[in-house]
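Here is the structure we will look at.
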Amino acid sequence: MSTKQTPNGFSLDDSGKRVVVDPVTRIEGHMRCEVNVDGNNIIRNAVSTGTMWRGLEVILKGRDPRDAWAFTQRICGVCTGTHALTSVRAVEDALAIQIPENANSIRNIMQLALQVHDHLVHFYHLHALDWVNPVNALKTDPKATSELQQKISPRHALSSPGYFRDIQNRLKKFVESGQLGPFKNGYWSNPAYLLPPEVDLMAVTHYLEALDFQKEIVKARTIFGGKDPHPNWLVGGVPCPINLDGVGSVGALNMVNLNQISSIIDQVREFVNNVYVPDLLAIAGFYKGWTYGGGLSGMNVLAYGDIPDRANNYSADNLMMPRGAIINGNLKEVHEVDLRNPDEIQEFVPHSWYKYPDESKGLHPWDGITEANFQLGANTRGSKTDIRQIDESAKYSWIKAPRWKGHAMEVGPLARYIIGYAKGDKEITEQINFTLKTLDLPVSALFSTLGRTAARALEAQWAADKMRYFMDKMLANIKAGDSNTANVERWDPETWPAEVKGVGFSEAPRGALGHWIRIKDTRIANYQCVVPTTWNGSPRDQQGNIGAFEAALLNTKVERPEEPVEILRTLHSFDPCLACSTHVMSEDGQELAEVKVR
Amino acid sequence: MSGATAKRLPHVLILGIGNLLWADEGFGVRAVEAFQQRYHTPDSVRVMDGGTQGVYLVQEVRDADLLVVFDAIDYGLPPGTLKLIEGEAVPKYLGVKKVSLHQTGFQEVLALAEMLGDYPQQLLLIGVQPEEIEDFGGSLRPAIKAQIEPALQHAVAYLRHQGIAVRPRSSPLEIDPYAAAIDDIRRYETERPGPEQACRLGDERVVWSGTYEVGYRPADLGGEFLQVGLDQHLDSYRRARFEREE
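Which chain is which? The protein sequence lines are A and B, in order. Numbering (the numbering used here) for the first sequence: 40 to 637. Numbering (the numbering used here) for the second sequence: 1254 to 1499.
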């Protein structure tokens, strides 16, 4: 080529210098990204490649469907519980199992706790360092940070000059010893960093506070899930019985546990309201001019919805986290989404390393095929030790290209918030309006990398509030005499039909997640997961439509291509995962820089 | 908050990390499972399956005065070799070749704990060099499984040496019959579907291992066999950097 238009409205030009970022992230499959920049260092072509086959689908075949949750939650190092939840929902859907109200409340609290936890850890420990410069934090007078802290969040107790001085000294020791610890290998002299040093020090301090605080959230999951990491789940409900008097069965939830969870929920709300959201607003205020990264968000967004208010009702009006699809940026119309309809969600493979009998057609996940077909295009450049440049005109990713009614879609907190806003959800609209007003920005500012980062913070706030809602709801239900947490009527496979299929869905922290299952003779006959990163990291489809990562990178100015902090900002804003090593190579494959990305 | 006071017993954490779905990568988790089933420990000891978790384990490490970690390691040793690494000698990178999903990683967990001023006073890594990790859905190879017992003996001896009263259970803990198959190595192995049904290919590197026949081979570039190795191509670079830092 060199210039071409994609059907979904983007202009691609691959004539400029190629920059390779590899890996970007490794969880949910490793990921690599290649871009072409023009003479002004503006990204004109972007290629996102999943470089590892998850293969989960094939290892589940033939296994007991009641165990699928435990396998699926071992696949990811971060959002383990959400895979487990989605899996038990898929099996329950297939077998028409109704779960008790308490189980629904507990699952929702677990899922909301995961949302808050993941968002918080993502913001401070992965994404913050795309905006915050810890080295610059050494330059401030701690008094200035103390004044700033008291101004932006007067209710946060840790705000004295002495406190910030201590942190600064600790940081100084790390820097002076040449061991920046987790802050090693950043692009700390890059002009893309815009915060004044007092804000940098505040953010670094909260990086440490958040690390300390997040353990509280884990405790809640441990109480309900029996253990954490990898809490226990159960087809038919939750594996923790309730016994308020606290005598009798060991391991049952009693009033002491429930009070502990209640207290944790209060602390979570406090931390999000007094630290996370004020930090987000303070940092965003200095990057208002950095408007890149919108990509598909202003056009096509998708959410399956989650957090059923009443148990066993997965219709859109019972889901507190919104469901819907928006096409071509028309916020006036939110389309209903049906995960069972074979014409809605389909996966395509013309640019993916899989084989279909007819690759011009997409397959609904129930009919999904996961058969590897690794082949590279004729224009691939590389040596025997690595691919230097992928050929995106051919197959170029282990990620399939999922489409909703043929459209490439963005999923995740921003998608959910845009859909909630378009639907007129009262709480979401209030949060968005407050944020835009505080930052003095128009609604269009939402459709950006910063919008994605802001939506995540607002959603953490929302999720913390909803934890309280479900805790209160469950306590009321228990007090009314219902302590049931599991329905085991159909536990025994002998009660199952010979052949059934089901779908389970949830909103994982990083976006819409679906598991489709077919059960035959009590064993898994087919299992397909379409994970959020499949949507966002999707390669091109038959028509050449680009996916969310690729679209979001286009037209971004990169100050220094060898230090592509701008690329990382945008990719990280999708929460592809936790910390990882990033490797940058120039066109000739020579290593220019290596960073620690967090 | 770090450090044992004169009054309280040191907090001990016995942690197994790894990915059960990646054959020998699951060594750490299987070892810690076996430890829990076979040994009784005082209340000051926590035995934890850290699984594929990364940074979320940091509070566990911070709370520990004494940390014993079971994991798969890559020291270029013959497969199945057991290696004990203690204290400062514990390297920055654990896990094998970074394919394990927990690689995000334990190195960072240690760095963060250190930065927060709560590094364990005593640290023992009990590692085993894997034989096979590219067998998705597979279990431990016999040579690796055979190292579980010696690994437990080393852990017990180390803990006793530190004054921790570890004793064998009169009979091993029974595995919850309702537990998922993955949590029971026997069922994980025996209920594994055959290769014709559940293909063993983990990722593209397996395509190159020569063990499996695949329908298509990538284009031959310039007469050289093209290898796609996200991790391999970083290895020499990592080694160089590691040596520089050393």
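Every residue gets a Cβ at the ideal spot worked out from N, C-alpha and C, and that includes glycine.
{"Check": "If I follow the unbroken alpha helix (DSSP H) through Ala1396/B, where does it start and stop?", "Outcome": "Pro1395 to Lys1398"}
{"Check": "Which residues of the stretch 1305-1337 of chain B have a Cβ closer than 7 Å to any Cβ of chain A? Give them in chain order.", "Outcome": "Thr1305, Gln1306, Gly1307, Val1308, Tyr1309, Val1311 and Gln1312"}
{"Check": "Cα separation between Glu383/A and Leu240/A?", "Outcome": "48 Å"}
{"Check": "Count the C-beta pairs between the stretch 298-309 of chain A and the stretch 534-552 of chain A that are closer than 8 Å, then say yes if the count reaches three, no if not.", "Outcome": "no"}
{"Check": "What is the DSSP secondary structure of Asp1324/B, counted as helix, strand or coil?", "Outcome": "strand"}
{"Check": "In chain order, what residues of the same chain lie with their CB nearer than 8 Å to the CB of Leu95/A, ignoring the 5 residues before and after it?", "Outcome": "Phe110, Thr111, Ile114, Tyr566 and Cys568"}
{"Check": "Can you tell me whether Ala350/A is helix, strand or coil according to DSSP?", "Outcome": "coil"}
{"Check": "Taking Ser192/A as part of the alpha helix (DSSP H), name the residues at either end of that continuous run.", "Outcome": "First-last for Ser192/A: undefined, no H or E at that position."}
{"Check": "Could you tell me whether the Cβ atoms of Gly225/A and Ala591/A are closer together than 9 Å?", "Outcome": "no"}
{"Check": "Around the Cβ of Gln582/A, are there at least 16 other Cβ atoms within 10 angstroms (buried) or fewer (exposed)?", "Outcome": "exposed"}
{"Check": "Examine the ligand GTP and report whether any of its heavy atoms sits within less than 8 Å of the Cβ of Ser399/A.", "Outcome": "The ligand GTP is absent from the structure shown, which contains no ligand whatsoever."}
{"Check": "Distance, Cα to Cα, Asp1324/B vs Val1282/B?", "Outcome": "8 Å"}
{"Check": "The alpha helix (DSSP H) spanning Val505/A covers which residue range?", "Outcome": "Residue identity check: residue 505/A is Lys in the sequence provided, not Val. First-last of the alpha helix (DSSP H) with Lys505/A: Thr488 to Lys518."}
{"Check": "Just to confirm my understanding: we take Ala1222/B, look at its own chain, exclude 5 residues before and 5 after, and list those with CB closer than 6 Å. What are they?", "Outcome": "Residue 1222/B cannot be examined here, being either before or after the span of chain B that is shown, 1254 to 1499."}
{"Check": "Give the interface partners of Pro268/A over in chain B, defined as CB-CB distance under 9 Å, in chain order.", "Outcome": "Met1301, Asp1302, Gly1303, Gly1304, Thr1305, Gln1306, Tyr1309 and Leu1310"}
{"Check": "By how many angstroms is the C-alpha of Glu131/A removed from the C-alpha of Pro532/A?", "Outcome": "13 Å"}
{"Check": "Can you name, in chain order, every residue of its own chain whose Cβ lies under 7 Å from the Cβ of Asn351/A, other than the five neighbours on each side?", "Outcome": "Gln137 and Ile138"}
{"Check": "Is it buried or exposed for Ser336/A, if we count other Cβ within 10 angstroms and need 16 for buried?", "Outcome": "buried"}
{"Check": "Under 7 Å Cβ to Cβ from Arg1315/B, same chain only, skipping five residues before and after it: list those, please.", "Outcome": "Ala1366, Leu1369 and Asp1371"}
{"Check": "Could you give the distance in angstroms between the alpha-carbon of Gly586/A and the alpha-carbon of His1407/B?", "Outcome": "51 Å"}
{"Check": "Taking the Cβ atom as the reference point for each residue, do Gly416/A and Lys394/A lie within a distance shorter than 9 Å?", "Outcome": "no"}
{"Check": "Is the shortest distance between the beta-carbon of Asp1436/B and the beta-carbons of chain A less than 9 Å?", "Outcome": "yes"}
{"Check": "To the nearest angstrom, how far is it from the Cα of Pro236/A to the Cα of Asn208/A?", "Outcome": "14 Å"}
{"Check": "Using a Cβ-Cβ cutoff of 9 Å, what residues of the stretch 103-114 of chain A are near chain B? List them in chain order.", "Outcome": "Asp103, Arg105, Asp106, Ala107, Trp108, Ala109, Phe110, Gln112, Arg113 and Ile114"}
{"Check": "Assuming the contact rule is C-beta atoms closer than 8 Å, Arg1299/B and Val1265/B should be a hit. Round their C-beta distance to whole Å, please.", "Outcome": "7 Å"}
{"Check": "Which partner residues does Phe1389/B have in the DSSP bridge list?", "Outcome": "Trp1275/B"}
{"Check": "Assuming Leu2/A contacts Trp329/A under a Cβ cut-off of 8 Å, what Cβ separation, rounded to an integer in Å, is found between them?", "Outcome": "Because chain A here runs from 40 to 637, residue 2/A falls outside it and cannot be looked at."}
{"Check": "Between Leu378/A and Gly553/A, is the Cβ-Cβ spacing less than 9 Å?", "Outcome": "yes"}
{"Check": "Could you name each continuous alpha helix (DSSP H) segment of 4 residues or more that falls completely within the stretch 379-458 of chain A, going from the start of the chain to the end?", "Outcome": "none"}
{"Check": "Skipping 5 residues on each side, what residues in its chain have a beta carbon closer than 7 Å to that of Glu398/A?", "Outcome": "Val388 and Pro389"}
{"Check": "Give a yes or no on whether 9 Å exceeds the smallest Cβ distance from Arg1470/B to chain A.", "Outcome": "The pLDDT assigned to Arg1470/B is 30, lower than 50, so where the model puts this residue is not dependable; a value taken from the coordinates is nonetheless given after this. Yes, Arg1470/B counts as interfacial toward chain A."}
{"Check": "Counting pairs of beta carbons, one from the stretch 299-314 of chain A and one from the stretch 254-261 of chain A, are three or more of them closer than 8 Å?", "Outcome": "yes"}
{"Check": "Run down chain B in chain order and give the residues with a C-beta less than 8 Å from the C-beta of Val160/A.", "Outcome": "Val1308 and Tyr1309"}
{"Check": "Quick check on Gly264/A: does DSSP put it in helix, strand or coil?", "Outcome": "helix"}
{"Check": "Of all Cβ atoms in chain A, is any one closer than 9 Å to the Cβ of Gly1234/B?", "Outcome": "Because residue 1234/B is not part of the residues shown, which for chain B are 1254 to 1499, the question remains open."}
{"Check": "Check whether the Cβ of Ala1276/B lies closer than 9 Å to any Cβ atom in chain A.", "Outcome": "no"}
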